[in-house]
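In short: position in the sequence shown from 1, add 4, done, that's the UniProt record's numbering.
Beta carbons: idealized from backbone N, C-alpha and C, even for Gly.
First comes the structure, then the notes that go with it.
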Amino acid sequence: DTPKTTFRRVMLKISGEALMGDTAYGLHPPTVERIAREVKVVHDMGVEICMVIGGGNIFRGLQGSAQGMERTTADYMGMLATVMNALAMQSALETIGVYCRVISAIRMDEVAEPYIRRRAVRHLEKKRVCIFAAGTGNPYFTTDTAATLRANEMACEAILKGTKVDGVYDKDPEKHDDAVRYDRITYDDVLQKHLKVMDASAIALARDNNLPIIVFSLDEPGGFKGILAGEGTYTKVH
Ligand code: UDP
5 DTPKTTFRRV MLKISGEALM GDTAYGLHPP TVERIAREVK VVHDMGVEIC MVIGGGNIFR
65 GLQGSAQGME RTTADYMGML ATVMNALAMQ SALETIGVYC RVISAIRMDE VAEPYIRRRA
125 VRHLEKKRVC IFAAGTGNPY FTTDTAATLR ANEMACEAIL KGTKVDGVYD KDPEKHDDAV
185 RYDRITYDDV LQKHLKVMDA SAIALARDNN LPIIVFSLDE PGGFKGILAG EGTYTKVH
């Protein structure tokens, strides 16, 4: 029985670290495959899926620049890391029969399609999963901002931000037993309380375009499907 949903098109944002599994660096193929299977279940529900995957499991611009590397160069390396993650996810999705395109914000035509908005929309209409790689294509941004930007451009109804915990808490639930989860919270509260949902530019871009952010646990098996079917616990930033 396929679960039902009211969502037509969504953006799934996951960090690069989500693809690491329990390892300390890089890609953990069984974890990539598990997430791909979760995407397939939602795809089978008829939802059009955009994805942005971070690059933190391979390289972060800030880390590089802290080690003396020029910031913009380090950021470009971070963006390239997201392309590797996107290709790994594409491979895992296509192995289980989900058609998928990797669309890069930095041209590398032999590896991925260039970003052309109307073309990406067409892929979605044809039920191909679109993985937007290379962030926004600009240094000094993050993949959270890229996810928000593309979600707006693709007219997604929400960003689903998969994390290690099932929502936004008033303090780190992995460190504090008495941390309290918000069911709903406003963009402005997230910004004022400096809650670690997404970086401030991403939150502001979502707020200015009324794009809801749903924070849920990607570690919970079936979490992605559950959220779309209106089940499970999560925080809605609106
Ligand atoms: N990055 C960038 N511009 C973008 C998106 C990403 O310069 O539009 C770089 C930045 O250096 C960042 C790295 O790519 O540290 C990896 O992305 P991010 O840190 O967002 O990955 P995540 O934390 O989600 O794994």
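Taking buried to mean at least 16 other C-beta atoms within 10 Å of its own C-beta, is residue 234 buried or exposed? exposed
Do residue 105 and residue 134 count as a contact pair if the criterion is CB distance below 8 Å? yes
Contacts around residue 230, its chain only, beta-carbon distance under 7 Å, and the 5 residues preceding and following it disregarded: 236
Run the Cβ filter for me: residues under 5 Å from any heavy atom of ligand 1, listed in the order they occur in the chain. 19, 20, 58, 59, 60, 64, 65, 79, 82, 83, 139, 140, 143, 145, 146, 147 and 150
Return yes when the Cβ of residue 79 is within less than 8 Å of the Cβ of residue 143, no when it is not. yes
Cα-Cα separation between residue 73 and residue 10, rounded to whole angstroms: 46 Å
The stretch 149-167 in contact with the stretch 11-19 per 3-pair CB rule at 8 Å: yes
Unbroken alpha helix (DSSP H) run spanning residue 207, endpoints: 204-212
Can you find the residues in the same chain that come closer than 6 Å, C-beta to C-beta, to residue 175, ignoring five residues on each side of it along the sequence? 183
Which term fits residue 17, buried or exposed, when burial requires 16 or more other beta carbons within 10 angstroms of its beta carbon? buried
When you compare only the Cα positions, how much space is there between residue 190 and residue 114? 42 Å
Span separating the alpha-carbon of residue 37 from that of residue 147: 21 Å
Residue 100 and residue 8 - do their beta-carbons sit closer together than 8 Å? no
So what's residue 167 in DSSP terms, helix, strand or just coil? strand
According to the neighbour-count rule (16 or more other Cβ atoms, all chains shown, within 10 Å of its Cβ), is residue 66 buried or exposed? exposed
Ignore the nearest five residues each way along the sequence and tell me which others in residue 136's own chain have a CB closer than 6 Å to its CB. 56, 107 and 154
In DSSP terms, what residue 241 is bridged to: 189 and 217
For residue 52, count neighbouring Cβ atoms within 10 angstroms of its own Cβ and tell me buried if that reaches 16, exposed if not. buried
Among 225, 204 and 216, which residue has its Cα nearest to the Cα of residue 239? 216
Quick check: residue 34 and residue 25, are their CB atoms within less than 8 Å of each other? yes
Under the rule that 16 or more other beta-carbon atoms within 10 Å means buried, what is residue 28, buried or exposed? exposed
Report the partner residues of residue 51 according to the DSSP bridge assignment. For residue 51, which the question treats as bridged, DSSP gives no partner whatsoever.
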